[in-house]
Each structure stands twice: as structure tokens, then as C-alpha cells.
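Residue numbers (the working numbering): 6 to 146. Built from N, CA and C at the ideal position, the CB exists for glycine as well. Owing to the predicted nature of the structure, the values given are computational and were not obtained by experimental measurement.
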Amino acid sequence: MYCIVLFNVLSLSRNYQFTSMEKAESTIAQMRKGVLEMSVLAAINGNEAYASDILERLKQAQLIVVEGTLYPILTRLKNEGFLSYRWEESTSGPPRKYYSVTQTGHDFLGELNSGWNELVTAVSLLLSGTNNSEPTNNNQQ
């Protein structure tokens with residue numbers, strides 16, 4: 006009987022860890038999705054870029070994105086006025102669409118960058134434990 010209980014406890018422990026790992030992976034994926042628009046704008050910023058160029062820049066930054074994810078983001082950013090594009094004929098296939106960041110897109114990226122820096126600073130303080138300020142109790146008299 007003791008062996009069965011111990012086995013069940015160990016199994017639950019392993020299942021909990023596996024679930025924790027799955028949860029962490031899911032949360033990390035959500036964090037990455039949350040910064041994709043900013044990352045795409047940053048990948049294009051200052052340089053015109055074809056979709057495969059953007060994917061390569063994101064890959065070099067270790068943000069693996071597939072075309073099926075990239076194209077809706079590009080379309081949304083273009084429709085919101087943050088990107089523009091131009092067509093260029095290609096000698097090796099159909100014409101290519103080259104994207105560039107508009108002035109509105111530069112401004113938007115600047116705001117996102119500021120917000121990102123504030124967020125990274127705040128979370129880093131929490132994770133490092135250096136934010137030791139005591140919460141104030143407004144009910145004290």
C-alpha cells in the first residue's frame with residue numbers, strides 16, 4: 006500500500022511539474038505574441054524589407070515567426086498607417102512587396118519602445134527583489 010501511495014505522490018509531482026512547464030511555455034508564447042507588432046516594426050525600421058527579410062531579421066533575434074503569422078501583422082500595421090509598401094518586379098518570380106515604416110509608424114514604435122523599457126525595468130525590479138518598498142496602508146490614522 007505504501008508503494009502505491011508513494012507512486013501516486015511521485016506521479017502527481019511529475020504531472021504538476023509538467024503542467025507548470027506547459028503553463029510557462031504558454032505564458033512565454035503569449036509574451037512573444039504581445040511584442041510581435043513592435044518587433045516587426047523594429048525589424049523594418051530604417052530599411053525597406055520584403056517579408057522574407059523581415060522573417061530572417063526576426064529569426065536572427067531568436068523570434069521565430071512563420072509567414073502565416075507575419076502577413077496578418079503586416080496587413081494590420083499597414084491598415085493602421087504604420088507601414089507603407091511598394092511593389093518591385095523580380096527576375097526570379099512574381100513582384101515583391103517591400104515594406105517601410107511611415108512617420109506615424111516611427112512615432113508609434115517610439116511610444117512602444119518607451120512603454121517596453123518601463124515594463125522591463127518594473128518587472129526586472131520585481132524579479133531581482135530590489136523593490137523592497139513597503140505598501141502604504143491608507144487606513145492608518
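Do residue i and residue j have their C-beta atoms closer together than 8 Å?
i, j, result
"Leu46", "Val106", "yes"
"Ser89", "Leu63", "no"
"Leu68", "Tyr104", "no"
"Glu42", "Ala56", "no"
"Glu93", "Pro100", "yes"
Along the alpha helix (DSSP H) that carries residue i, what are the first and last residues, could you check?
i, result
"Gly73", "Glu72 to Asn84"
"Ala47", "Leu41 to Ile49"
Using CA coordinates, which residue listed in the options is at the minimum distance from residue i?
i, options, result
"Gly86", "Gly110, Ser129, Ala34 and Gln67", "Gly110"
"Val40", "Asp58, Ala29 and Thr74", "Thr74"
Measure the alpha-carbon distance for residue i versus residue j and round it to whole angstroms.
i, j, result
"Asn84", "Asn50", "17 Å"
"Tyr76", "Lys102", "11 Å"
"Asn52", "Thr32", "31 Å"
"Gly134", "Thr126", "12 Å"
"Glu30", "Ala54", "30 Å"
The beta strand (DSSP E) that contains residue i, what's its start and end?
i, result
"Gly98", "Gly98 to Val106"
May I ask you to list the residues that DSSP assigns as paired with residue i?
i, result
"Trp92", "Lys102"
"Ala54", "Tyr104"
Is residue i close to chain B, meaning its C-beta is less than 8 Å from at least one C-beta of that chain?
i, result
"Gly134", "Any reference to chain B falls outside this structure, which holds one protein chain only."
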